[in-house]
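Enquirer: First the structure, then my questions, so here it is.
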Amino acid sequence: MTCHPDSSHHLNVHLGDGLYAALQERCRRTGESASHVIRQALADALDLEHHTIYQVSTSGALVQGVYQGCVRVAEVLQHGDFGLGTFDGLDGEGILLDGTCWQACGDGTVRQAPADALAPFWVATRFSADHREVLKHVASWGDLTARLDGLRDNANLFVAIRLRGVFERIRYRVACKAEAGVDLVSATSAQATFELENVAGTLVGFWTPSFARTINVPGYHLHLLSDDHRHAGHVLELQSHELSLELHRENHLQLVLPETPAFLNADLSGDPAAALARAEGDHR
1 MTCHPDSSHH
11 LNVHLGDGLY
21 AALQERCRRT
31 GESASHVIRQ
41 ALADALDLEH
51 HTIYQVSTSG
61 ALVQGVYQGC
71 VRVAEVLQHG
81 DFGLGTFDGL
91 DGEGILLDGT
101 CWQACGDGTV
111 RQAPADALAP
121 FWVATRFSAD
131 HREVLKHVAS
141 WGDLTARLDG
151 LRDNANLFVA
161 IRLRGVFERI
171 RYRVACKAEA
181 GVDLVSATSA
191 QATFELENVA
201 GTLVGFWTPS
211 FARTINVPGY
221 HLHLLSDDHR
231 HAGHVLELQS
241 HELSLELHRE
251 NHLQLVLPET
261 PAFLNADLSG
271 DPAAALARAE
281 GDHR
């Protein structure tokens, strides 16, 4: 698999007062960065393809312990500005938000992921909200997912999910680097778990239909990134007085399969759903 270098470019653009004011108001209202809004507007104007998930490897491969990185972060960034994943050797949790990739490490620290860091599994998209809503008094993970179930209009399409707000309570975990060949359930049994209060941040993730469980984690899969970039990980439980929700429906999947010996020789014929449920954590 060929990995290309980072191909991002910087533009200097002069904006009139009216356009600049509108941009600032949009950023204030939605919490998006100016660069994200501008990239999205350019993609719309140039008719770039939206509603596409770019995915590296499969959930079934992760369950079997196929953690060898095969795609560089720079390559992922060419296909999306939003998403989640993990790093070579299951070394932490990955969060892609507003075009920047972050790595949550097992010791609780968070850093910007290097462009040449390798990912064995990643899910990315160019996020453009189809639906916006404010969720009040979210009591728990179960409460959140029940409300999201009521807002999804189809059971057979993927959905990208972005939630922003202050979490009165949030519990999350970070996978610790695993030895090659150790299955996912065993690897995540040694994960680091954190619980915080009154944290402002964003949840990034996806809902995947059950028919795609051999490809991606079925149901809801969300990662946290705090506004100060000090806390991040795979969400297990939460509580919030108010969350701003954005949904982006996805109807196109681009699946990139590794050509590593570990992947080519793995037995991916089984149903990984039960193992994924154990590895992804008990949402209680």
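Following the numbering used here, the numbering of the sequence shown begins with 1 at its first residue and continues without gaps.
Even for Gly, the Cβ is constructed at its ideal location relative to N, Cα and C.
Since this is a predicted model, take the numbers as computed values, not measurements.
(1) Compare the C-alpha of Ala200 against each of Trp207, Leu163, Leu222 and name the closest.
(2) Going by beta carbon distance, what residues of the same chain come within less than 7 Å of Val217, once the five residues before and after it are set aside?
(3) In angstroms with no decimal places, state the Cα-to-Cα distance between Glu237 and His229.
(4) Could you check which residue in Glu250, Ala115, Leu225, Asp17 has the C-alpha nearest to that of Arg152?
(5) Quick check: Gly85 and Lys177, are their CB atoms within less than 7 Å of each other?
(6) Is the beta carbon of Phe82 less than 7 Å from the beta carbon of Thr30?
(7) Any contact between the segment 252-269 and the segment 61-75? By contact I mean 3 or more CB pairs, one from each, below 8 Å.
(8) Going by DSSP in three states, Gln103 sits in which element: helix, strand or coil?
(9) Please report how far the alpha carbon of Asp227 lies from the alpha carbon of Thr202, in whole angstroms.
(10) Contact criterion: CB-CB distance below 7 Å. Does Ala160 meet it with respect to chain D?
(11) For the alpha helix (DSSP H) that contains His36, what are its first and last residues?
(12) Taking DSSP as the reference, what is the three-state secondary structure of Val182?
(13) State buried or exposed for Gly142, treating a residue as buried only when at least 16 other CB atoms are found within 10 Å of its CB.
(14) Once the 5 residues before and after Val37 are set aside, which same chain residues still bring their CB inside 7 Å of it?
(15) Roughly how many whole angstroms lie between the Cα atoms of Ala129 and Ala187?
(16) Is it the case that the Cβ atoms of Ala266 and Val66 are separated by a distance below 7 Å?
(17) Look up Trp122 in the DSSP assignment and give the residues it is bridged to.
(18) Go ahead and pull the three-state DSSP assignment for Glu259.
(19) Among the candidates Gln112, Thr100, Gln64, Ala61, whose CA atom is the shortest distance from the CA of His79?
Expert: Working from what's here:
(1) Leu163
(2) Ser59, Thr208, Leu276, Glu280
(3) 19 Å
(4) Glu250
(5) no
(6) no
(7) yes
(8) strand
(9) 7 Å
(10) The structure shown contains no chain D, having only a single protein chain.
(11) 34-45
(12) coil
(13) exposed
(14) Leu23, Arg26, Cys27
(15) 35 Å
(16) yes
(17) Val56, Gly85
(18) coil
(19) Thr100
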